[in-house]
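Visitor:
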Amino acid sequence: MQAGNVLLCGVGGQGILLASEVLSSALLRAGFDVKQSEVHGMAQRGGSVVSHVRFGEKVYSPLIEFGTADIAVSFELLEALRYLPYMKKGSTVLVNTQKILPAPVATGVETYPEDVIAQLESRDLRVHAIDAFGIAASVGEKRAVNMVLVGALSALLPVEERIFLDIVAERIPEKIRKVNAGAFLKGREIIRR
Amino acid sequence: MNDIRMMKKPGEKILLSGNEALARGAYEAGVKVASAYPGTPSTEILENLRNYEGVYTEWATNEKVALEVALGASFAGVRALATMKHVGLNVAADPLFTAAYTGVRGGLVVIVADDPEMHSSQNEQDSRNYALAAKVPMLEPADAAEAREFLRTAYRISEQFDTPVLLRTETRMSHVKGVVTAAEPEASPVTPGIEKMPEKFVMLPANARRRRVELGKRMERLKEYSETFPGTCVSWGDTKRGFITSGVASLYVKEAFPGASVLKLGMVHPLPEKLIRSFAAKVDEVIIVEELDPFIETQVKAMGISCRGKDLIPAMGELNPMIIKQSVTGVKESGFFEPVQIPMRPPNLCPGCPHRGIFYAISKLGVFVTGDIGCYTLAALKPLSAMDTCVCMGAGIGNAHGMSKALGPDALGKIIAVIGDSTFFHSGITGLVNIVFNCGNATVVILDNRTTGMTGHQPHPASGKTITGDPTVAVDIEALCRAIGVANVRTVNPHNSEECMKVLKEEISRPEPSVVIAKAPCVLIPEMKRRKDRKRYTSRVERCTGCRACLRIGCPAIEWVPLTPDEAKNLGYKEKQKGYSRINAVLCDGCGQCAPLCKFGVIVPEGEAEDAGR
Chain P
1 MQAGNVLLCG
11 VGGQGILLAS
21 EVLSSALLRA
31 GFDVKQSEVH
41 GMAQRGGSVV
51 SHVRFGEKVY
61 SPLIEFGTAD
71 IAVSFELLEA
81 LRYLPYMKKG
91 STVLVNTQKI
101 LPAPVATGVE
111 TYPEDVIAQL
121 ESRDLRVHAI
131 DAFGIAASVG
141 EKRAVNMVLV
151 GALSALLPVE
161 ERIFLDIVAE
171 RIPEKIRKVN
181 AGAFLKGREI
191 IRR
Chain Z
1001 MNDIRMMKKP
1011 GEKILLSGNE
1021 ALARGAYEAG
1031 VKVASAYPGT
1041 PSTEILENLR
1051 NYEGVYTEWA
1061 TNEKVALEVA
1071 LGASFAGVRA
1081 LATMKHVGLN
1091 VAADPLFTAA
1101 YTGVRGGLVV
1111 IVADDPEMHS
1121 SQNEQDSRNY
1131 ALAAKVPMLE
1141 PADAAEAREF
1151 LRTAYRISEQ
1161 FDTPVLLRTE
1171 TRMSHVKGVV
1181 TAAEPEASPV
1191 TPGIEKMPEK
1201 FVMLPANARR
1211 RRVELGKRME
1221 RLKEYSETFP
1231 GTCVSWGDTK
1241 RGFITSGVAS
1251 LYVKEAFPGA
1261 SVLKLGMVHP
1271 LPEKLIRSFA
1281 AKVDEVIIVE
1291 ELDPFIETQV
1301 KAMGISCRGK
1311 DLIPAMGELN
1321 PMIIKQSVTG
1331 VKESGFFEPV
1341 QIPMRPPNLC
1351 PGCPHRGIFY
1361 AISKLGVFVT
1371 GDIGCYTLAA
1381 LKPLSAMDTC
1391 VCMGAGIGNA
1401 HGMSKALGPD
1411 ALGKIIAVIG
1421 DSTFFHSGIT
1431 GLVNIVFNCG
1441 NATVVILDNR
1451 TTGMTGHQPH
1461 PASGKTITGD
1471 PTVAVDIEAL
1481 CRAIGVANVR
1491 TVNPHNSEEC
1501 MKVLKEEISR
1511 PEPSVVIAKA
1521 PCVLIPEMKR
1531 RKDRKRYTSR
1541 VERCTGCRAC
1551 LRIGCPAIEW
1561 VPLTPDEAKN
1571 LGYKEKQKGY
1581 SRINAVLCDG
1591 CGQCAPLCKF
1601 GVIVPEGEAE
1611 DAGR
């Protein structure tokens, strides 16, 4: 892969922006031109959040077009369906199986779809369902869900593991650095297996 | 708070957002004073700039003040910066239009951040129109690398042409990270100090008339300069179509039509007429691609050049390569997955947010609520549905007064204005004075959560600290309201809906102005996040009757679990019970607003569930 589009989506507060930053920094250090687009403000109050990361020799537009995401990483189960139009046919989708109820569901107005993974699998997509929350908890830091997913994603990218670990070391405060690196490696293992 | 990204050495490649790059550019340009009011998508410029050494930064009370501060710094002979979002420039328009007359001493740049698609705004404005109207040059970078470069150039233009310079960014520039090469800071050639120049700085009509003539000449010179602006470039390709474009839209054009001829304008006001003419002459068809208004198009048409533009390209919302491709070729793109119907995920007030409690009380009063701009505008959404207007910063107060004057005594007790604390300082005070002055009777609720919430917790005049965290005087909102002449000023705990309801009822029925200050800190400020005495709540779900009373406050930590009759029976509920609600322990912040809503004692503080009489 010499150029690519990675879409990260989920819910405000899940650490998607930090994950995007680690990803983009690693791609830059691996020698690519990178652009990463996100939206702040309203979007962060528990709303749906999406970040576009594009890399290659030269990147112009910061936005991924419909049908062109080579990899999608959904930090929350339902959000994977929301961004379906962006995913390229035949592409890989990493889905955290964690559910975060949207307000209309939490208040009993609507219901959370039961068959998200099946809906994804019924389409032309390579779906990896990942219990990132469980894995993060197993390394002792429930908030490291984002690093588990970055780890899983890293195994699909033309960037050396060492570069990612260096970036994690630089960007994450010392106190929680080790567990985050651990979460990253656990995530990476899942895809490499 | 130092960030490693700012410590990079000149020449090193770094990944920066457009806003981070603008901060870097300001530092490299030798900016000495920078003032701003936070507003998405502009906020991070100052938040980053405050970390650079040798730059004084501040959060101003509003954008007008920010620009006046920057202009003052320029008068004193240093390079100065004011940053704001598009609607902020409306507030700052007054000093801007006259600053165009006075010109500058030290370089002065105003960065304005537009928000096409209204990701986080109440309207969609094209700030390029201000450049035209105020007769001020405007630069428009397309990405982070250009942002840093253009800002440096903007200061040279400002000093060379004796003019403030506008730099337009937008969401997809400000919040897009790209690769930037850092450089050494430069010094302004201007010597700081006090210099009296009344014919230049005192805009009495006689002086202003002379400056107006200067301004006309300056724009002519800038028009010449625009022809050679280094950030404007032509890339030749297929000459069947020639695109004229600028900013982020130029990147979309390059992506959508990689082989086309493109004139990318880096300076969007004034336009380089000669360059446009020669470009247009060499291509079969000119298509102008710009986000929002037909700003370039109208002017190109006025030059007598035949072109297409908004007849093809949408004039509202964000563009992207696909929209441009479809608009130009008329061929609809397909081959991607169709969207599926799933529940929406609207933004929400946080668990533990003090706004929720007071708005629940307000919703119970059945009044008309004139609202304002901030996190609390989310109270307009279901289930609270407790806001009936939202126009601009400060508008709620004037609106309430206008409504009560329009309807007379009939409206007494039926209207409440709500405004955030930061918004109150921004533009609520004058509205409140107006109520007092004009014998109004509106009740104004000031939501004092000690911070500017929506934009990421910037301190404001009542926070007691500055942008850099240094201690300062905390303005006493209650004393301020009294000093203005409001006789009835009361402070309530917004987490206590019953108390809020009682006080509000008393105040709205008074035929005179009242202020109710709902005072409790935002749960996201560091002191609140660190607090140890938090007691989360839990629900004894076996007692839940499924009445849904707790759901009416719309707290994300309260979840409804639907049940089939069989499931209900198996869990020991009545068969007809449609479900039960429970508290998500991970999300609960322990504010306790929900507990009094449950008549069945289901919701209790953690630890009390077991011993509370089974």
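Protein sequences appear in the order of chains P and Z.
Oh and the first sequence: position 14 is 14 in the numbering used here, straight run, nothing missing.
Take any residue in the second sequence, note its place counting from 1, add 1000, and you have its number in the numbering used here.
Virtual Cβ for every residue (Gly too), placed ideally from N, Cα, C.
These numbers come from a predicted model, not from an experiment.
Whose C-beta lies closer than 6 angstroms to the C-beta of PHE1229 of chain Z among residues of the same chain, with five residues either side of it excluded?
Guide: GLY1266 and MET1267
Visitor: When the Cα of ALA1487 of chain Z is compared with those of Z:SER1463, Z:PRO1409 and Z:ASN1441, which residue comes out closest?
Guide: Z:ASN1441
Visitor: Taking only three categories from DSSP, how would you classify SER1226 of chain Z?
Guide: Note: SER1226 of chain Z maps to helix in three-state DSSP.
Visitor: Who are the neighbours of GLN36 of chain P on chain Z, taking C-beta pairs under 7 angstroms?
Guide: VAL1176 and LYS1177
Visitor: Show which residues of chain P have a CB atom less than 7 angstroms away from the CB atom of THR1171 of chain Z.
Guide: VAL39
Visitor: My parser needs the alpha helix (DSSP H) runs of 4 or more residues fully inside the stretch 1114-1179 of chain Z; what are they?
Guide: Counting whole runs of 4 or more residues, the stretch 1114-1179 of chain Z contains the alpha helix (DSSP H) stretches 1128-1134, 1144-1161 and 1171-1174.
Visitor: What residue range is occupied by the uninterrupted beta strand (DSSP E) comprising ARG1582 of chain Z?
Guide: Start and end: 1579-1583.
Visitor: From ALA1249 of chain Z to VAL1289 of chain Z, what distance separates their C-alpha atoms?
Guide: Answer to the nearest angstrom: the Cα atoms are 7 angstroms apart.
Visitor: Quick one: what's got a C-beta closer than 6 angstroms to LEU1292 of chain Z's C-beta in the same chain, skipping five residues either side?
Guide: PRO1116 and ASP1126
Visitor: Of all the alpha helix (DSSP H) runs that stay within the bounds of the stretch 1253-1318 of chain Z, which reach a length of 4 or more residues?
Guide: 1273-1282 and 1295-1302
Visitor: Out of curiosity, what's the CA-to-CA distance linking LEU1381 of chain Z and LEU23 of chain P?
Guide: 35 angstroms
Visitor: Give a yes or no on whether the minimum CB-CB distance between ARG177 of chain P and chain Z is below 7 angstroms.
Guide: no
Visitor: Applying a beta-carbon distance threshold of less than 8 angstroms, which residues of chain P neighbour ILE1342 of chain Z?
Guide: Neighbours of ILE1342 of chain Z on chain P, chain order: LEU78, LEU81, ARG82 and PRO113.
Visitor: Please go through the same chain and pick out, in chain order, the residues whose beta-carbon is closer than 8 angstroms to the beta-carbon of PRO158 of chain P, but skip the five residues on each side of it.
Guide: MET1, GLN2 and ALA30
Visitor: Does DSSP put ALA1462 of chain Z in a helix, in a strand, or in coil?
Guide: coil
Visitor: If we count the other Cβ atoms within 10 Å of its Cβ and call it buried at 16 or more, is GLY1194 of chain Z buried or exposed?
Guide: Strictly speaking, residue 1194 of chain Z in this sequence is Ile, with Gly absent from that position. The residue is exposed, with fewer than 16 neighbouring Cβ atoms inside 10 Å.
Visitor: How would you label THR1472 of chain Z, buried or exposed, when you count the other beta carbons within 10 angstroms and need 16 or more for buried?
Guide: exposed
Visitor: PRO1010 of chain Z CB to nearest chain P CB: under 7 angstroms?
Guide: Taking Cβ atoms only, chain P never reaches closer than 7 angstroms to PRO1010 of chain Z, which makes this a no.
Visitor: By alpha-carbon positions, which one of P:LEU165, P:SER51 and P:ILE191 ends up nearest to VAL179 of chain P?
Guide: P:LEU165
Visitor: Determine whether the Cβ of GLY46 of chain P lies closer than 7 angstroms to any Cβ atom of chain Z.
Guide: Between GLY46 of chain P and chain Z, the shortest Cβ-Cβ separation is below 7 angstroms.
Visitor: Give the list of continuous alpha helix (DSSP H) stretches no shorter than 4 residues that lie fully inside the stretch 1422-1449 of chain Z.
Guide: 1429-1437
Visitor: For chain Z, check one thing: does any of its Cβ atoms lie closer than 7 angstroms to the Cβ of PRO173 of chain P?
Guide: no
Visitor: Determine, using beta carbons only, whether GLU1559 of chain Z comes closer than 7 angstroms to chain P.
Guide: yes
Visitor: So which residues of chain Z does GLN119 of chain P contact, with C-beta pairs closer than 9 angstroms?
Guide: Chain order gives the chain Z residues near GLN119 of chain P as VAL1340, where near means a beta carbon separation below 9 angstroms.
Visitor: Whose Cβ in chain P lies nearer than 8 angstroms to the Cβ of GLY1554 of chain Z?
Guide: The contacting residues are ALA103 and THR107.
Visitor: Thinking just about the alpha-carbon of each residue, which of Z:ASP1421, Z:ILE1296, Z:PRO1494 and Z:GLY1011 is nearest to the one in ALA1145 of chain Z?
Guide: Z:GLY1011
Visitor: Hey, out of Z:ALA1029, Z:MET1219, Z:ALA1093 and Z:ALA1076, whose CA is closest to PRO1137 of chain Z's CA?
Guide: Among Z:ALA1029, Z:MET1219, Z:ALA1093 and Z:ALA1076, the Cα nearest to that of PRO1137 of chain Z is on Z:MET1219.
Visitor: I'd like to know whether the C-beta atoms of LEU1139 of chain Z and PRO1095 of chain Z end up nearer to each other than 7 angstroms.
Guide: PRO1095 of chain Z sits away from LEU1139 of chain Z, with the two beta carbons spaced by 7 angstroms or more.
Visitor: Jot down the residue ranges of each uninterrupted beta strand (DSSP E) in the stretch 1362-1420 of chain Z, minimum 3 residues, whole runs only, in chain order.
Guide: 1368-1370 and 1415-1420
Visitor: Can the beta-carbon of ALA1467 of chain Z be found closer than 7 angstroms to that of THR1102 of chain Z?
Guide: According to the sequence shown, residue 1467 of chain Z is Ile rather than Ala. For ILE1467 of chain Z and THR1102 of chain Z, no; Cβs fall outside 7 angstroms.
Visitor: I'd like to know if SER25 of chain P contacts chain Z, where contact means its C-beta is closer than 7 angstroms to some C-beta of that chain.
Guide: yes
Visitor: Between SER1246 of chain Z and the rest of its own chain, which residues show a CB-CB distance below 8 angstroms, the 5 nearest in sequence each way excluded?
Guide: GLU1140, ALA1142, LYS1264, LEU1265, GLY1266, VAL1268, GLU1290 and ILE1296
Visitor: Name the two residues that bound the continuous beta strand (DSSP E) containing TYR1027 of chain Z.
Guide: Premise fails: TYR1027 of chain Z lies in the alpha helix (DSSP H), 1018-1028, not in any beta strand (DSSP E).
Visitor: I want to see whether chain P comes within less than 7 angstroms of LYS1332 of chain Z, judged by CB atoms only; does it?
Guide: no
Visitor: Report the rounded CA-to-CA distance for LEU149 of chain P versus ARG162 of chain P, giving the unit in angstroms.
Guide: 17 angstroms
Visitor: Can you check whether the C-beta of GLU57 of chain P is within less than 7 angstroms of a C-beta belonging to chain Z?
Guide: no
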